[in-house]
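Here our numbering is used: position 317 in the sequence shown is 461, and no number is missing along the way. Think of the CB as a built atom: it goes at the ideal place given N, C-alpha and C, for glycine as much as any other residue.
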Amino acid sequence: MTKPRLYSGIQPSKDSLHIGNYTGALVQWRALQDEYDAFFSIVDLHALTNAAHDPKILADATRGLAAQYIAAGIEPAKSCLYVQSHVSAHSELTWLLNTITGFGEANRMTQFKDKSQRFGADATTVGLFDYPVLMAADILLYDTVIVPVGDDQRQHVELTRDLAERFNSRFGEVFVLPKAQFPEEGARVYDLQNPTAKMSKSAESDAGILWLLDEPSVTAKKIMRAVTDTLGVVRFDWENQPGITNLLSIYTALTGRSEQEAEDEFTGRGYGDFKKTVADAVVAEFEPVRARTLELQADPAELDRLLAANAERAEAIANATLKRAQDAIGLLPRLR
Ligand code: AMP
Ligand code: TRP
145 MTKPRLYSGI QPSKDSLHIG NYTGALVQWR ALQDEYDAFF SIVDLHALTN AAHDPKILAD
205 ATRGLAAQYI AAGIEPAKSC LYVQSHVSAH SELTWLLNTI TGFGEANRMT QFKDKSQRFG
265 ADATTVGLFD YPVLMAADIL LYDTVIVPVG DDQRQHVELT RDLAERFNSR FGEVFVLPKA
325 QFPEEGARVY DLQNPTAKMS KSAESDAGIL WLLDEPSVTA KKIMRAVTDT LGVVRFDWEN
385 QPGITNLLSI YTALTGRSEQ EAEDEFTGRG YGDFKKTVAD AVVAEFEPVR ARTLELQADP
445 AELDRLLAAN AERAEAIANA TLKRAQDAIG LLPRLR
């Protein structure tokens, strides 16, 4: 029996993932890779749409993200982890999908609206506008059934379904309709300095972000300095104690304890003591992942070989889907 296909990806826009990417994406991916035929992409073409894109660091960040996928438990023997730009079908299918995407439809994407506002008129490119169509091409090329992503990607996966349905009804059954799958409660991590805002790679200050590749002493310091409150009780209460609740939620996500167990554990204990316990748990989780990442990064040639082999496997599937789409849309087949 063939397993259903799963597809997801992260942009190599920074040299390290943060704890939100780790608990919100990688931990879920790792758990799903047995049940599904999983493809995990490093979406470097998407990263080009960032206003802060720097050509000098992209290649290293791409390799580094591959290393972090593996170090976090994505097993190359089970899952296909590859670089988006190594498979040219992604760009080619994007063009075909562009021709059936409404301008107004793309213009309604809230992430585009947010980012274009943040980047300003000069850095708002056609590429940024087209970002969701490229994401649709990623997903559709692999006959994907499920797409594990954060809640912020809901609208993009909906657009993907709409485009697949439209293409199929105009040109014939070419694409499988995918479905988004969201992590359960507790997988959303907030900024340690501003615990009502989602922890984000693009936050202004570094103090509120726990990077997977931070030195353990830096991780501990950031947690000890996390913003809390004056109530003096450790309990789940997003409304009144977002800082404490965020730390508790990180703690339960990493240790597998229930909310009740975690609250019981810290009854009658001070915030300093609580933070120290959370810091120890985060460091214990991150330390082996960090060490393994550094080890893998020390042999870039080996990583490049792995990525090349996986690109080949991905390409075979993607090219077959692209060919179906090209034929269906009426392009003259090239004689081979
Ligand atoms: P991004 O950093 O936006 O490229 O996100 C990569 C993956 O990490 C996506 O699946 C996101 O949903 C997930 N992610 C990003 N930030 C967080 C966060 N603060 N908490 C939980 N998951 C997150
Ligand atoms: N847009 C996604 C994000 O920012 C990354 C992404 C690109 C993706 N292509 C994808 C996720 C395909 C899932 C499937 O998180």
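query	result
By Cβ distance, which residues of its chain are closer than 8 Å to V427, with the 5 residues on each side in sequence left out?	P360, T363 and A364
State whether the stretch 368-385 contacts the stretch 296-308, with contact taken as three or more CB pairs (one from each stretch) at a distance under 8 Å.	no
Would you call the stretch 434-448 and the stretch 374-392 in contact, with 3 or more CB pairs under 8 Å?	no
At what residues does the alpha helix (DSSP H) containing V227 begin and finish?	Unbroken run through V227 is the beta strand (DSSP E), C224 to V227; no alpha helix (DSSP H).
Identify the residues that DSSP records as bridge partners of H197: which are they?	According to DSSP, H197 bridges with nothing at all.
How many angstroms separate the CA atom of R314 from the CA atom of F184?	30 Å
Quick check: the Cα distance between T243 and K342, rounded to an integer number of angstroms?	34 Å
Identify, in the order they occur along the chain, each residue of the same chain with its Cβ nearer than 7 Å to the Cβ of V318, setting aside the five sequence neighbours on each side.	F311, N312, R468, A469 and A472
Check the DSSP bridge columns for G352 and list the partner residues they point to.	In DSSP, G352 forms no bridge with anything.
Do you know whose CA, among E302, D287 and A423, lies nearest V293's CA?	E302
State buried or exposed for V227, treating a residue as buried only when at least 16 other CB atoms are found within 10 Å of its CB.	buried
For F430, is the classification buried or exposed, using 16 other Cβ atoms within 10 angstroms of its Cβ as the cut-off for buried?	buried
At a cut-off of 8 Å, would you count N165 as near the ligand AMP, judging by its Cβ distance to the nearest heavy atom?	yes
Taking the Cβ atom as the reference point for each residue, do Y415 and A406 lie within a distance shorter than 9 Å?	no
Exposed or buried, what is R478 when buried is set at 16 or more other beta-carbons lying within 10 Å of its beta-carbon?	exposed
Kindly list the residues whose CB is nearer than 8 Å to the CB of W382, restricted to its own chain and excluding five residues on each side of it in sequence; keep chain order.	T389
Does the stretch 193-203 come close enough to the stretch 246-254 to have 3 or more Cβ pairs within less than 8 Å?	no
G217 and S160: beta carbons closer than 9 Å?	no
Using 10 angstroms around the beta-carbon of P339, count the other beta-carbons present and answer buried if the total reaches 16, otherwise exposed.	buried
Would you check if the stretch 186-197 and the stretch 161-174 touch, i.e. whether three or more CB-CB distances between them fall below 8 Å?	no
Below 6 Å CB to CB, which residues in the same chain sit around V277 once its five sequence neighbours on both sides are set aside?	T238, L241, N242 and T245
Does the beta carbon of H162 fall short of 8 Å from some heavy atom of the ligand TRP?	no
So what does DSSP say about G208, is it helix, strand or coil?	helix
L466 and L285: beta carbons closer than 9 Å?	yes
How is Q325 classed by DSSP in three states: helix, strand or coil?	strand
Which residues share a DSSP beta bridge with Y334?	K342
Taking the straight line between their C-alpha atoms, what separation do you get for D287 and M279?	13 Å
Does the beta-carbon of S185, which I'm using as the reference point, lie nearer than 8 Å to any heavy atom of the ligand AMP?	no
Does any heavy atom of the ligand TRP sit closer than 8 Å to the C-beta of H197?	no
With distance defined between alpha-carbon atoms, name the residue in L150, D350 and F418 nearest to K222.	L150
So, is F410 buried or exposed, given that buried needs 16 or more other C-beta atoms within 10 angstroms?	buried
If I follow the unbroken beta strand (DSSP E) through A182, where does it start and stop?	D181 to I186
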